[in-house]
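Numbering (the working numbering), first residue to last: 77 to 423.
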Amino acid sequence: MNKLILKLVREQTLENEELRWLLENNTVEIRRELSEKASEVAKKTFGNGVYTRGLIEFTNYCKNDCYYCGIRKSNEKVHRYRLDEEQILKCCENGYELGFKTFVLQGGEDKHFNDERMVFLVQEIKQKYPNCAITLSLGEKSRESYQKLFDAGADRYLLRHETADKCHYRKLHPQNLMLANRMTCLQNLKDIGFQVGTGFMVGSPHQTVENILADLVFIKALNPQMVGIGPFIPHQNTPFKNATPGSMEQTLQLISILRLMLPKALIPSTTALGTIDTQGRELGILAGANVVMPNLSPIEVRKDYSLYDNKICTGEEAAECRVCLDNRIASIGYQILNHRGDYPETK
Ligand code: SAM
Ligand code: FES
């Protein structure tokens, strides 16, 4: 076994040069050793259990214009939709019947869903499903807004930092979006008491090994409860339409490294990983991930929540095919668990 991998297991961190060596030597052998240790570490906390969350993509209106994202405001070709409160509650009802105990409400930054509407929605869901967790993924907001959402009953918040490097951030976003603000948002979410998730796209345009190192250092210091990473995949109506997608191999390697750095973190095997490879989500679990997030949105809107091209959203990956998911996860020796799946220390 490689000495750096053993050191990473032991110390849950490495010097930058050591991490750089691992990143630059992403061979089959290194990946095999990393995933062996990462799955061992995940099993210590989670056994062979995999948590599941029902993902409700409730609006694809967005005021922002991230260069990589298919629902950016400048994309005039996307058909915009918003689910109303009744439709969102119906998604939760379907999900609950399918066994989901966490609902993830994700959307573009849509002014229609102001604090008042979101607070009402969170309260309604909590009242109907008191034993379920609510995860929000609504982008950047003021501390006051986050506090209101937390007070209403939201449990977790996902906000990827996207890149921890200021110059790289500038290359992925227009001027009005600032890395410093993202960081402040993440700190506010943590201080308020949310279980917080951050993360980044693997292989995003202009990303360097140095940038990934900065991401790992940032994540280790923030010590979030959740870390979501997935390959960047180009979208045809964005400035990055001709960019090279991120690779599965690099994503798997980083899942393993993150598992070893944050042994108890909730790490999803993402839809993007399942999109670049039909076995991607299973391989993600074997590399150390322990969460899957099938799509619970109404089938007719799923294709409109197109962050990137060819996103999988129906068939075996979708929430309605619970048996398919259970079987796929069982085929690799794991088991889907039907409970909230909180971060271990907050139970
Ligand atoms: N608006 C919320 C936010 O900004 O956090 C949530 C929605 S946003 C679309 C969710 C995530 O999708 C982003 O954090 C980004 O990392 C990912 N994403 C967007 N475009 C992508 C692409 N082309 N390839 C892979 N992931 C992408
Ligand atoms: Fe909507 Fe980036 S385009 S948050």
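Ideal Cβ placement from N, Cα and C applies to all residues, glycine included.
Chain-order list of residues whose beta-carbon lies under 6 Å from that of residue i (same chain, five-residue window excluded)
i: Lys387; result: Thr351
i: Gly215; result: Glu185
i: Ala319; result: Pro281 and Pro310
i: Arg86; result: none
i: Val367; result: Tyr127, Leu342 and Pro344
i: Pro315; result: Tyr143
i: Lys340; result: Thr121 and Pro420
i: Gly130; result: Gly171, Phe176, Phe179, Leu372 and Ala395
Where residue i falls: helix, strand or coil (DSSP)
i: Asn124; result: coil
i: Asn371; result: strand
i: Glu152; result: coil
i: Met254; result: coil
i: Gly356; result: helix
i: Arg246; result: helix
i: Phe294; result: helix
i: Asn299; result: coil
i: Lys423; result: In this prediction, Lys423 scores a pLDDT of 45, lower than 50, which makes its location untrustworthy; the coordinate-derived value is nonetheless stated afterwards. Three-state DSSP puts Lys423 in coil, outside helix and strand.
i: Thr284; result: coil
i: Arg158; result: strand
i: Gly146; result: coil
i: Cys424; result: Since the first residue of the chain shown is 77 and the last is 423, residue 424 is not available in this structure.
i: Ala114; result: helix
i: Ile408; result: coil
i: Arg416; result: coil
i: Met380; result: A small fix is needed here, since residue 380 is Asp in this sequence, not Met. Here Asp380 sits in coil by DSSP.
i: Gly350; result: helix
i: Asp402; result: helix
i: Asn170; result: helix
i: Thr260; result: helix
i: Asp267; result: helix
Range covered by the beta strand (DSSP E) that runs through residue i
i: Gln182; result: Thr178 to Gly183
i: Ser213; result: Ala209 to Ser213
i: Phe308; result: Segment: none, Phe308 is in no beta strand (DSSP E) and carries neither H nor E.
i: Arg232; result: Arg232 to Leu234
i: Met277; result: Gln271 to Val278
i: Ile412; result: Gln411 to Leu413
i: Leu131; result: Gly130 to Thr135
Assigned exposure category for residue i - 16 Cβ within 10 Å defines buried
i: Ala118; result: buried
i: Phe189; result: buried
i: Gln417; result: For clarity, residue 417 is Gly in the given sequence; the question names Gln instead. Buried, because 16 or more other Cβ atoms sit within 10 Å of the Cβ of Gly417.
i: Lys187; result: exposed
i: Val303; result: buried
i: Met77; result: exposed
i: Ala256; result: exposed
i: Glu133; result: buried
i: Leu82; result: exposed
i: Phe196; result: exposed
i: Arg108; result: exposed
i: Lys423; result: Low confidence applies here, because Lys423 scores a pLDDT of 45, under 50, leaving its location unreliable and the question unanswered by this model.
i: Arg193; result: exposed
i: Ile405; result: buried
i: Val285; result: exposed
Cβ-based neighbour list, residue i, same chain, cut-off 8 Å, excluding 5 preceding and 5 following
i: Leu235; result: Ser213, Gly215, Glu216, Arg258, Cys261, Leu262, Leu265, Val272, Gly273 and Thr274
i: Val154; result: Asn136, Gly146, Ile147, Asn313, Asp380 and Ser382
i: Asn287; result: Thr239, Ala240, Asp241 and His244
i: Met324; result: Pro307, Leu349, Ile352, Asp353, Gly356 and Leu359
i: Asp385; result: Gly146, Ile309, Pro310, His311 and Gln312
Residues bridged to residue i (per DSSP)
i: Ile344; result: Note that residue 344 is Pro in the sequence shown, not Ile. Pro344 is bridged to Val367.
i: Glu238; result: Phe276
Host alpha helix (DSSP H) of residue i (start-end)
i: Thr327; result: Met324 to Met337
i: Asn201; result: It should be pointed out that residue 201 corresponds to Ile in this sequence rather than to Asn. Taken as a continuous stretch (DSSP letters only), the alpha helix (DSSP H) holding Ile201 covers Asp191 to Lys204.
i: Glu220; result: Arg219 to Ala228
i: Leu60; result: Residue 60 cannot be examined here, being either before or after the span of the chain that is shown, 77 to 423.
i: Asn92; result: Asn92 to Glu100
Same chain, Cβ closer than 7 Å to residue i, five either side skipped, listed in chain order
i: Asn414; result: Gly175 and Lys177
i: Pro206; result: none
i: Arg398; result: Leu174 and Gly175
i: Leu225; result: Met194, Val195, Val198 and Leu212
Residue i beta carbon near the ligand MG (any heavy atom closer than 7 Å)
i: Gly364; result: In terms of ligand content, the structure shown lacks the ligand MG and carries the ligand SAM and the ligand FES instead.
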